[in-house]
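**Student:** Residue numbers (this note's numbering): 362 to 500. From the three backbone atoms N, C-alpha and C, an ideal C-beta is built for every residue, glycine too. Got a structure for you, questions after.
As structure tokens, this is what we get:
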């Protein structure tokens, strides 16, 4: 007995297209936001991993790593912050003239993480760091 196929209705086509768009959108959104934070301790339970050498962070400036901003506002004083701008979640991209700069909307933060220029209304999120010998480590 032959089976007769009928073309799908307009309603079926639109419903399937809508589901496809929704699935694509949800998949794209699922990767938004902060990356998982790396473990600060060595895998064998040893000392925390070094983020940078103290000599790599210039006095009166700083460096931007994958998920952390390290600054040295004054000699021997080190600060760390999340790279995520509190305004819209973009990653800050550079440190210029003593300011940490977000490229998305122009927010600027000083080397202590405080807002210098908006639209960000709050400071960068601080992260705890310590100096161990010539290394800066989380914690």
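In angstroms with no decimal places, state the Cα-to-Cα distance between residue 429 and residue 382.
**Tutor:** 35 Å
**Student:** Starting from residue 431, follow the beta strand (DSSP E) in both directions and report where the run begins and ends.
**Tutor:** 429 to 433
**Student:** Tell me the DSSP secondary structure of residue 412 in three-state form.
**Tutor:** Taken through DSSP and simplified to helix, strand or coil, residue 412 comes out as strand.
**Student:** Going straight from the alpha carbon of residue 471 to that of residue 373, what length do you get?
**Tutor:** 56 Å
**Student:** Taking DSSP as the reference, what is the three-state secondary structure of residue 378?
**Tutor:** helix
**Student:** Compute the distance between the beta-carbons of residue 476 and residue 483, then report whether it is under 8 Å.
**Tutor:** yes
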